[in-house]
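Each residue of the sequence shown is one higher than the last, beginning at 1 in UniProt numbering. Ideal Cβ positions, reconstructed from N, Cα and C, are used throughout, including at glycine. Here is the structure we will look at.
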Amino acid sequence: MAAEMALLKPISKFSSTSHGFGSPRPYSKFYVINMSSATSQNSPKPKKAAKTGIKESLLTPRFYTTDFDEMETLFNTEINKNLNQSEFEALRQEFKTDYNQTHFVRSKEFKEAADKMQGPLRQIFVEFLERSCTAEFSGFLLYKELGRRLKIMKIYSLMLQKTNPVVAEIFSLMSRDEARHAGFLNKGLSDFNLALDLGFLTKARKYTFFKPKFIFYATYLSEKIGYWRYITIYRHLKANPEFQVYPIFKYFENWCQDENRHGDFFSALMKAQPQFLNDWKAKLWSRFFCLSVYVTMYLNDCQRTDFYEGIGLNTKEFDMHVIIETNRTTARIFPAVLDVENPEFKRKLDRMVEINQKLIAVGENQDISLVKNLKRIPIIAALASELLAAYLMPPIESGSVDFAEFEPQLVY
Ligand SMILES: [Fe+2]
Ligand SMILES: [Fe+2]
């Protein structure tokens, strides 16, 4: 996965303050103490911050869990005759090739670039690395567990059932990729004298439960939108090297191919489950997930325009490009997508940004929580109404239930 992120605070590397999970680690070089907000490098009150805990919002990156028993049934080759094992075998070989095995090698440029970065840009870069690392790590956890669960043999009514070792291995190989991505981003944080404690994250984050069908929609979109984000940033910086302020972006070209392959694998998984793609409910859910993913990205990025402007991008133009391209890619497999190229869709997104800004302003003022909640009601109603209007815009019928002609496209 690649699309989303989370926040942490730096702490003096000599402090032995516990971060709330187990004993302090006095010999550890870096600490992660919470994820409530990004602060300057000299955060003065680590103890207070440690008590604050994790502040979650609708826009923070999520960790997902699912019904693993249902997943086992879906991919059981004895039960599901739609599983095209030769296609999965081909995908497994491709993942085993491990094109990026030697890609993620750092150079001394990283630390030098981080040291040069000061002030607000430095802070916003740290946040970018944290959120990206969290999103990649979220993919790692989900794929690792799916790999583990689909590999084992299970005893039902004294019958020994194999699930799907080929699909299981692909999940494990994808978790390898995501671990590599998360690790590379975390190394980037070390250039800023920070580190995300991934063990802490594993225990501390709330997990969002999605049924397998929804995991497919959400994860497919997350991988494809991640691909389009990375490749767009890469191409932009290649054309405008004066904005190449930190070398991590040079790695995005090969990196994003991992995300593209992950998305193609989910495409193959969905083809193997046509019941998730070929009825009216599938169309409604497809549109719902497209809308959720696009709006979340747009609102998140519009809160962080400093970052995108810092690398020479216009945030809204960048996001619309990513949304349009992701939507075109998604239309190859989802039975319905949103008409994001209709100018009205962007107008609605922009109104949501304005409403979201009002919501943030209410959260930041000094009112007591009752007053804040009362003030939030009409704003949330306005946001919900805008979301509903966007959802109800005439959709684009897409995908195909005749999957024979569909082949995943790798973009190189
Ligand atoms: Fe990734
Ligand atoms: Fe991925």
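When DSSP states are grouped into helix, strand and coil, isoleucine 396 belongs to the strand group. For ligand 1, a non-hydrogen atom lies closer than 7 angstroms to the CB of aspartate 177. Restricting attention to Met174, Thr208, Ile379, Thr134, the CA atom closest to the CA of phenylalanine 265 is found in Met174. Contact annotation: phenylalanine 334 and glycine 263 have beta-carbon atoms that are not nearer than 8 angstroms. Assignment of alanine 336 by DSSP, reduced to helix, strand and coil, places it in the strand class. A contact is defined here as three or more CB-CB pairs under 8 angstroms, and the region 141-151 fails this definition with respect to the region 114-130.
The Cβ-Cβ distance between leucine 291 and alanine 390 falls below 8 angstroms. For phenylalanine 125, the uninterrupted alpha helix (DSSP H) run begins and ends at 119-151, by DSSP. Only residues of its own chain outside the window of five on either side were considered, and among them Asp258 have a CB closer than 6 angstroms to the CB of aspartate 177, listed in chain order.
Proximity to glutamate 127 across Ile324, Asp306, Pro343 peaks at Asp306, based on C-alpha coordinates.
Counting only the Cα atoms, threonine 73 lies some 8 angstroms from asparagine 80. By the 16-neighbour rule on beta-carbons within 10 angstroms, asparagine 260 is buried. Taking all protein chains shown into account, phenylalanine 209 has fewer than 16 neighbouring C-beta atoms within 10 Å of its C-beta and is therefore exposed. Residues Met71, Glu72, Phe75, Thr163, Asn164, Pro165, Val167, Ala168, Phe171 of the same chain have their beta carbon placed closer than 8 angstroms to that of leucine 150, with the five preceding and five following residues left out of the count. Contact between phenylalanine 289 and leucine 383 does not hold, since their C-beta atoms are separated by about 18 angstroms, which reaches or exceeds 8 angstroms. Looking at the backbone, the Cα of glutamine 123 and that of lysine 206 are separated by about 25 angstroms. In this structure, the beta-carbon distance from asparagine 82 to alanine 336 does not fall below 8 angstroms. With a threshold of 16 other beta carbon atoms within 10 Å, valine 293 meets it and is buried. In this structure, the C-beta of aspartate 258 approaches ligand 2 to less than 7 angstroms from one of its heavy atoms.
Excluding residues up to 5 positions away in sequence, Tyr308, Thr315, Asp319 lie with their Cβ nearer than 7 angstroms to the Cβ of aspartate 301 in the same chain. Between phenylalanine 249 and tyrosine 234 a beta carbon distance of about 6 angstroms is seen, short of the 8 angstroms cut, so the two are scored as contacting.
Set against 7 angstroms, the gap from the CB of histidine 236 to the closest heavy atom of ligand 2 is not smaller.
Sorting Arg304, Glu325, Ile380 by C-alpha distance to the C-alpha of proline 120 places Arg304 at the top.
Pairing phenylalanine 110 with lysine 372, the inter-Cα distance amounts to about 43 angstroms. In this structure, histidine 103 has its beta carbon at no less than 7 angstroms from each heavy atom of ligand 1. As DSSP reads the structure, tyrosine 308 sits in no beta bridge.
Three or more beta-carbon pairs separated by less than 8 angstroms link the region 176-190 to the region 125-139, which places the two stretches in contact.
The distance from the Cβ of proline 395 to that of aspartate 339 is about 6 angstroms, consistent with a contact at the 8 angstroms cut-off. Counted as a single uninterrupted DSSP element, the stretch harbouring phenylalanine 210 is not any beta strand (DSSP E), since DSSP gives it neither H nor E. Counting only the Cα atoms, arginine 62 lies some 7 angstroms from serine 138.
When distances are taken from the beta-carbon of glutamate 136 to the heavy atoms of ligand 1, the shortest one is below 7 angstroms. Distance from the Cα of histidine 321 is smallest, within the candidate group Tyr227, Ala218, Asn84, for Tyr227. Distances from the CB of histidine 321 to the heavy atoms of ligand 2 are all 7 angstroms or more. The DSSP-derived three-state label of phenylalanine 75 is coil. Taking C-alpha positions only, arginine 180 is separated from tyrosine 298 by approximately 27 angstroms.
Its chain contains Ile379, Ala382, Leu383, Glu386 as the residues whose beta carbon lies nearer than 7 angstroms to that of isoleucine 355, once the 5 sequence neighbours on both sides are disregarded; these appear in chain order.
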